[in-house]
Ligand code: IFG
């Protein structure tokens with residue numbers, strides 16, 4: 088029997104083994120450590136059908152075809168090629184197809200018609216002789232590539248591996264997301280994160296089909312983006328961080344680079360300048376922003392609520408207008424986040440008046456205002472977005488604001504704040520909202536989280552990672568994974584097809600891939616992690 092034929096028979100047995108356990112149905116708790124899932128795709132696609140036939144083998148002869156006149160399909164095909172073979176001599180060739188792609192090829196096209204998959208959906212069909220990925224729009228192709236990536240064996244992620252045939256199981260997938268807003272927030276104010284770490288985080292968001300990156304750019308401990316008209320904000324306000332470290336800030340070029348890097352991966356950047364509270368770094372940079380005209384010292388602690396802009400001074404609104412104008416000009420996305428959380432130094436009336444004035448400024452610069460849920464007390468324009476975070480409030484104002492036309496993004500702190508400890512033994516993180524294990528991050532439904540809110544008012548979910556105790560990319564990865572993968576599934580997959588017992592097994596299959604990617608993930612005892620090829624752990628990036 089020829090090598091290729093032997094390979095097929097092996098993959099046929101593997102496919103049958105995998106397909107057979109599909110008939111068993113979701114495994115009963117607790118799944119044994121060696122239980123293999125039907126497939127390892129996270130988030131779970133809308134519909135997955137494993138075919139018993141042979142899968143496809145990607146090898147050095149494989150070519151990726153795209154139709155002529157579709158530059159986005161070609162760009163995404165090159166991205167896929169780079170994922171498969173990290174270096175040019177091993178990456179599959181990308182070719183513009185004159186006619187129908189030949190057998191033995193991968194093809195990408197945005198020629199899918201019909202409402203079935205929408206802006207971000209796709210169909211992916213893998214047979215023995217071809218892989219066909221189709222979508223209506225480039226975003227759908229990109230998400231289909233992420234699914235194909237997760238159907239390729241984990242070694243595809245390990246950049247130093249030798250060229251080898253890569254088997255993909257025979258499947259038919261039709262997929263599209265449940266929610267439009269599938270987000271993660273990174274707090275770069277408490278501890279500064281350099282550009283390369285933010286890009287790493289963006290790559291990990293893209294792997295899980297997340298499409299919003301909310302950057303918390305300012306707080307009491309740091310101002311992280313250069314504002315040309317107020318230069319001391321970055322040079323002075325960005326010169327330290329929690330614990331007294333060197334801090335840092337993004338030049339406008341670096342911020343624009345991050346926004347473009349995210350956009351190339353269909354992730355919309357949402358910049359946040361937190362105000363009127365959480366503003367000590369700005370107040371320390373300009374005396375005129377303080378009501379008493381005295382600039383306070385820089386702050387490197389972790390208390391909250393003690394700072395506020397001087398809401399009665401015109402200088403403050405000139406400052407806000409300059410900041411919103413400069414950042415909006417660098418941000419193609421439609422959103423500007425004004426923070427609005429934890430203000431203890433103003434009366435409710437002063438706070439509401441400030442939020443309403445800032446809302447006018449944000450709107451004048453062509454953006455939709457986003458704010459933490461305290462903004463629900465203000466008179467919001469219909470396009471405003473309220474980010475629910477406080478687990479213990481009655482949410483009455485939020486429900487009322489939604490009834491009046493505001494939209495909601497759900498970030499309940501007692502479920503998906505990634506800076507909450509996993510359990511009492513977790514070294515990093517906080518516990519003010521409780522400890523949140525993986526199941527708590529997964530086992531809830533955004534559509535029924537708030538009574539009295541129309542499902543159409545809920546844009547989606549977002550997982551914030553606050554950085555009081557998180558100081559580098561290893562810490563970020565440890566607190567974010569695996570819970571961010573759970574959030575990605577809550578945001579993307581149909582509620583009726585989600586189950587904790589099946590998810591935990593499918594998640595366990597990520598261990599070899601996440602290890603090959605060098606992700607410093609928390610090996611939660613809730614998950615039957617598949618064995619990792621230990622020589623991969625910590626693989627270079
Ligand atoms: N709440 C504060 C954050 C941060 C967080 C830590 C919000 C909206 C607690 N505000 O969450 O600045 O300190 O978990």
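Residue numbers (this note's numbering): 88 to 628.
Every residue, glycine too, gets a C-beta built ideally from N, C-alpha and C.
(message) Could you compute how far the alpha carbon of residue 471 sits from the alpha carbon of residue 194?
(response) 40 Å
Review point. Taking three-plus beta-carbon pairs below 8 Å as touching, is the region 284-293 in contact with the region 312-319?
Key: no
Q) Under the DSSP definition of a beta bridge, which residues are partnered with residue 550? A) 271
- Query: Comparing alpha-carbon positions, which option in 396, 247, 140 lies nearest residue 174?
  - Reply: 247
According to DSSP, residues forming a beta bridge with residue 306: 309
- Message: Given the structure, does residue 401 come close to the ligand IFG, in the sense that its CB is under 7 Å from one of the ligand's heavy atoms?
- Response: no
Ends of the beta strand (DSSP E) at residue 361? 355-362
message: Measuring alpha carbon to alpha carbon, tell me which residue in 272, 320, 490, 303 is nearest residue 503.
response: 272
TODO: Using 7 Å as the cut-off, classify the Cβ of residue 555 as near or not near the heavy atoms of the ligand IFG, replying yes or no.
DONE: yes
- Item | From 172, 132, 137, residue whose alpha carbon lies closest to that of residue 150 | 172
task = Assign residue 233 to one of three DSSP states: helix, strand, or coil.
result = helix
TODO: Report yes if the C-beta distance between residue 424 and residue 453 is below 8 Å; otherwise report no.
DONE: no
Rounded C-alpha distance that separates residue 161 from residue 153:
6 Å
Query raised in the report: Going by the C-beta, is residue 137 closer than 7 Å to any heavy atom of the ligand IFG?
Result: no
Identified DSSP bridge partners for residue 137: 258
- prompt: Leaving out five residues before and five after residue 540 in sequence, what residues of the same chain have Cβ atoms less than 7 Å from its Cβ?
  reply: 486, 489, 495
Check whether the Cβ atoms of residue 275 and residue 303 lie closer than 8 Å to each other.
yes
I'd like the list of long-range same chain contacts for residue 244, defined as Cβ closer than 6 Å, with 5 residues on each side in sequence excluded. 600, 603, 604
For residue 617, which of helix, strand or coil comes out of DSSP? coil
Just to confirm before moving on: does the CB-CB distance between residue 334 and residue 393 stay below 8 Å?
no
At least three beta-carbon pairs within less than 8 Å, the region 258-272 to the region 209-228: yes
So, for residue 491: in the same chain, excluding its five sequence neighbours on each side, which residues have a beta-carbon less than 8 Å away from its beta-carbon?
467, 469
When DSSP labels each residue in this structure, what does residue 579 get in the three-state scheme?
helix
Pull the bridge partners of residue 183 from the DSSP assignment, please. 153
Quiz item: For the region 456-491, which segments carrying the alpha helix (DSSP H) assignment without a break, of at least 4 residues, lie completely within its bounds, in sequence order?
Solution: 483-490
> Taking just the CA atoms, how far does residue 190 sit from residue 177?
Replying inline: 20 Å
Taking contact to mean 3 or more Cβ pairs, one atom from each stretch, closer than 8 Å, check whether the region 442-453 and the region 372-387 are in contact.
no
Would the beta-carbon of residue 225 fall within 8 Å of that of residue 129?
no
>> Since residue 325 and residue 310 should fall inside the 8 Å C-beta cutoff, what is the C-beta to C-beta distance between them, to a whole number of angstroms?
In response: 5 Å
query: Which residue's Cα is closest to the Cα of residue 148: 253, 134, 525, 200?
result: 253
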